[in-house]
Amino acid sequence: MPDANVEVLRGTLDLLILKAVSWGPTHGYGVARWIEQATDDVLQIEEGSLYPALHRLQSRGWIDAEWGISENNRRARFYSLTAKGRAQLRVEAATWTRFAYAVFAALEAPPRPA
Amino acid sequence: MSSAPNPRRPPAWRRYLSFWGPDIGADVDDELRFHLEMRAAEYAARGLTPAAARSRAEQRFGSIHRAREACAEIDRQQARAEHHAHMLLALRQDTVYALRVLRRQWLPALAAVLCMAVGVSATTAMFSVADTLLLRPLPYPNGDRLVAISTTRVGASSSIGVSSYLDYRDWRDAQHSFDDMGAIGGTNFIMLHGEPRRVSASLVSASFFPTFGISAELGRVFAAADDRPGAAPVMVVSDAFARQEFGEPSRALGENITLNGIARTIVGVIPDRWRYPSRGETWLPIATGGYSGFSNGVDNPSSRGNRNLQVFGALHRGVPLDRARRELAAIAARLQHEWPGSNAQMTTALTPMREQYVGDIRGSLVAVIGATMLVLLIACANVAALQLARAWARTREIAVRAAIGASRGRIVRQLLTESVVLSLAGGALGTVLAIWARELIRRAVAPNTPAWMTFDIDGRVLLGAFGVSMLAGIAFGLAPALRLADLRAGTALRHATVGSPRSRLQRAFVIAEVAISIILVVSASLALESVWRIDRIPLGIDPAGVVTFEVTMQSARYDQPPARARLVDEIEEQLRAMPGVIGAGAADRMPINGCCSQFPMVIQGQPVTKGHEPFVTGTIATPGYFATLHVRLVSGRTFNASDDARAPNAMVINQTFADKYWPRGDALGHQVNTGVGFATIVGVVQDVKQATIFGAPEPQFFRPYAQDPWTRAVFAIRARGDLAQVASAARRVVRSIDPTMPIFDVQTLADAFDEATLTTRSLSRLLVAFAGIALLLAATGLYGLISFLVERRTRELGLRVALGAEPSRVARMVIGQAVALAAVGVAVGLGGAMLAAKWLAAALYGVTPRESSAYLLAVLILGAASLAASYGPARRASRADPMDALRAE
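First to last, the protein sequences are chains P and E. At position 95 of the first sequence (counting the first as 1) the number is 95 in this note's numbering, and the numbers step up by one without a gap. One gets this note's numbering by counting positions in the second sequence from 1 and adding 1000 to each.
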């Protein structure tokens, strides 16, 4: 399969995870799948970093973890967004959007006046 | 809620892991495995073989190992943080719960707090005293290096304490162990600066202040040039003295003060904390201070026998005390050869300065520390016993808590929290009590301590008290807590209903309390016995109703001996004429603590080698002395008015003197020379306690004041009525005869006697107080235990009564139980008491460790206490109603 995807920027992963679990409790695989699907497979996250990030967010209190039963009847760890996490998501999403617009604006700007 | 009926404990390693919460490593593995399987399933669905799908999934994931480690580390950190937060929360819950429980059972809680308070206050006070005496540095800059050097007779157990100026000078010149040596001697001076009054003055060598490391806060201390005969008369004063006389220390510098008729210039002021002696006011150089050792000229060898200076040395850093001892002993040996007349048999004794303060009181210090520890122990045992009883009463509550899932650790922690809360409350209260107890202990241990020994309760002491109460709380709360927590839920519930008290531990505590009480009661009765014996020491005089005061004839008016004799005669005569006065007399020193003019003695017809004359104590007395003090005449006569300067020299000796040299009882008429020519023995009197009241009587002679009128005279008046009024009348009498003559050291002989025996009296008071506290605590413990046992056996006792047992028999049974317990305690305690008595007897006068009366008394007291303690419960038991008993179940 062609790897025409983009590496997820550092710091963006947290934001994507928060967004992924904001739709409802899901496990790590679910998070990874959601990111792939939501970005049409453009963004492929590095799975080796996904889990430490999940645990880190949990220990910060932004997401909760609970053992549950998956859709195919397996024992899996489900993550859900906490109130604190939701607030964080709002802040980070706003920051990231501003950042993206700024970069985009710079790229679209007319050439430097001579 | 899911029940967890798992009776088997997991293996030890698993328990260790679960200490940090769930098994983190396994959980992370599960989580990652799930991910890989899901991904593999995804690939398989797209048509890969299972093996290929799996390896593809793993490839996609990256380093599984690294992810696993990272996740586990994050989780472990989080678990640790949660654990700490949880502990804090639990501690707060435990404390709140403990307070609630203690409020509900406030009476036993209060009892426990009071017990702890008693123990902690005794310990805290003791620690502050011991800290000051043993640990805190001396106030002088060179304090840790200061050594007292005194002259000692070879083979004597106690040193003379003082040395002669010439010996001091030779030691100082020859030694290499000390940075410097200084000498100091005390005298009384009459100061004219406003009202004539006596000031404390010390004669010091120029090297004295540097030896102690003392420097002046204003002006200077002495230079070598100040301490030479003929130098300008100067003085150094204390800050307190300068303030008192001049308002401001800086105004004192350069001022003149007349001391004993000589105007002296103040050249320096020293800080009060460096005073030696600790209440000293002025210091003069030896050479210009009128030191008696110089009366025949400094270098006259006759001065060498004149020993009245204290000598101190500041040891070189790094020189061991033993080396200094050997060096000075060698110098002293040389002086023995060179000056056999004065120095035969004389060597030196070196004591570190701190020892000087601690040495005398070591015995009582050890006794009091021991007693304090015992009181603390007994208090702790009581708290533990109370805790046990309280805990037993709560067996059902604890069983329920265990049944609904409280872990063993949690229950132990809860119970421990309770006892620590109790102990801390007791500790806080005890610290307040300690301030009062400290004064009691200080008086018992060290009644005459220097001013710098303040016995503060400072941060360290408070920390000590806090530590003691914490430790006591944990140590004595642990046993009951463990005992209770070990009950399996089922057994505990059964215990609570059936009531078969497994109170062995509690019994052990009560037995220990009784045993410790016995030790303290025996100690207290030994001390009381000692006081009783002290009060019956034959003093040779009758101190009741006698007041004494001192005058010193220093001015030029009394330069001639006859003038002094006339003055003393006149004062004595007028004192006798005062209303209410039965008799009056005078001597250079009064008995009881009038230490100690010693004179070399030669008996006619009994030749001795020069320098080997025996020394005897001598007193110069007027005829009225013997009658006034009620000194009993054994044979011959005492002095009368005709024993004056013109009459042949007369001498009265004491019984010990007579027995020692004339064992056949024919002392009268013999001739004795004590330095001023031969005198005839005209009488023998009963021994009088002169230097100390505790020592064995020493040979003592008396000479008529009229034949050797010293400059110092102490008058004794025996009178009816208020001695204070007699004293002020006497002051008026002396003033009417010579307005410039102050009188000082006004004191009743009874007070002097009390002062001399203060240590033993205070120690006995303290031990009695401690024994009383111990008895009270032990009786309370016994009462608590017996009540508890009776309560536990309500049903059995009720049944017995129902079946026809006589109430009195039931009561006897209960009392018998208490007495049996006490008997075991007594038996255990007697051994310890004998050991304690051995130590104590060394510090007390006139008692041996085998005073059977003390042990008998202690056993009787403990027996009575155990009867008293069991009376109430026994009454209750004998009235047990079978119906009540049955209903109680």
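No residue lacks a Cβ here, since even glycine has one placed at the ideal position from N, Cα and C.
Whose C-alpha, out of the options, is nearest the C-alpha of residue i?
| i | options | result |
| --- | --- | --- |
| residue 1242(E) | 1253(E), 1232(E), 1233(E) and 1234(E) | 1253(E) |
| residue 1394(E) | 1869(E), 1686(E) and 1104(E) | 1104(E) |
| residue 1544(E) | 1582(E), 1524(E) and 1576(E) | 1582(E) |
| residue 1309(E) | 1322(E), 1277(E), 1436(E) and 1879(E) | 1277(E) |
| residue 1674(E) | 1690(E), 1614(E) and 1662(E) | 1614(E) |
| residue 1168(E) | 1831(E), 1348(E) and 1629(E) | 1348(E) |
| residue 1847(E) | 1794(E), 1388(E) and 1523(E) | 1523(E) |
| residue 1771(E) | 1037(E), 1833(E), 1661(E) and 1402(E) | 1833(E) |
| residue 1327(E) | 1240(E), 1246(E) and 1177(E) | 1177(E) |
| residue 1531(E) | 1763(E), 1785(E) and 1032(E) | 1763(E) |
| residue 1414(E) | 1212(E), 1398(E) and 1304(E) | 1398(E) |
| residue 1705(E) | 1841(E), 1567(E) and 1637(E) | 1567(E) |
| residue 1263(E) | 1640(E), 1231(E), 1270(E) and 1091(E) | 1231(E) |
If we define contact as Cβ-Cβ less than 8 Å, is residue i a contact residue for chain E?
| i | result |
| --- | --- |
| residue 47(P) | yes |
| residue 25(P) | no |
| residue 29(P) | yes |
| residue 101(P) | no |
| residue 52(P) | yes |
| residue 15(P) | no |
Indicate the three-state DSSP secondary structure (helix, strand or coil) for residue i in the structure shown.
| i | result |
| --- | --- |
| residue 1805(E) | coil |
| residue 1363(E) | helix |
| residue 1108(E) | helix |
| residue 1236(E) | strand |
| residue 1217(E) | coil |
| residue 1765(E) | helix |
| residue 127(P) | Outside the displayed range of chain P (1 to 114) lies residue 127(P), so it cannot be described from this structure. |
| residue 1741(E) | coil |
| residue 1339(E) | coil |
| residue 1545(E) | coil |
| residue 1618(E) | strand |
| residue 1659(E) | helix |
| residue 1736(E) | helix |
| residue 1382(E) | helix |
| residue 60(P) | coil |
| residue 1500(E) | Here the model assigns residue 1500(E) a pLDDT of 42, short of 50, so the residue's position is not dependable, and the following value carries that caveat. If DSSP states are grouped into helix, strand and coil, residue 1500(E) belongs with coil. |
| residue 1441(E) | helix |
| residue 1682(E) | strand |
If you measure from the beta carbon of residue i to each beta carbon in chain P, is any gap under 8 Å?
| i | result |
| --- | --- |
| residue 1414(E) | no |
| residue 1074(E) | yes |
| residue 1060(E) | yes |
| residue 1052(E) | no |
| residue 1026(E) | no |
| residue 1071(E) | yes |
| residue 1080(E) | no |
| residue 1063(E) | yes |
| residue 1066(E) | yes |
Take the Cβ of residue i as the centre, count every other Cβ of all protein chains shown within 10 Å, and call the residue buried at 16 or more, exposed below.
| i | result |
| --- | --- |
| residue 1142(E) | buried |
| residue 1506(E) | buried |
| residue 1467(E) | exposed |
| residue 1804(E) | exposed |
| residue 1835(E) | exposed |
| residue 1666(E) | exposed |
| residue 103(P) | exposed |
| residue 1084(E) | exposed |
| residue 1838(E) | exposed |
| residue 118(P) | No statement about residue 118(P) is possible, as the shown extent of chain P runs from 1 to 114 and does not include it. |
| residue 1569(E) | buried |
| residue 1238(E) | buried |
Chain P contacts from the segment 1028-1039 of chain E (Cβ-Cβ distance under 7 Å): 1030, 1031, 1032, 1034, 1035, 1038 and 1039
Contacting positions in the segment 75-94 of chain P - beta carbon closer than 9 Å to chain E: 75, 76 and 77
Which of the residues in the segment 54-67 of chain P, read from start to end, lie with their CB under 7 Å from any CB of chain E? 55, 56 and 59
Give, in chain order, every residue of the segment 1086-1098 of chain E whose Cβ lies closer than 9 Å to some Cβ of chain P. Those residues of the segment 1086-1098 of chain E that come within reach of chain P (Cβ to Cβ, closer than 9 Å) do not exist; the list is empty.
Residues of the segment 1367-1396 of chain E whose Cβ lies closer than 8 Å to any Cβ of chain P, in chain order: none
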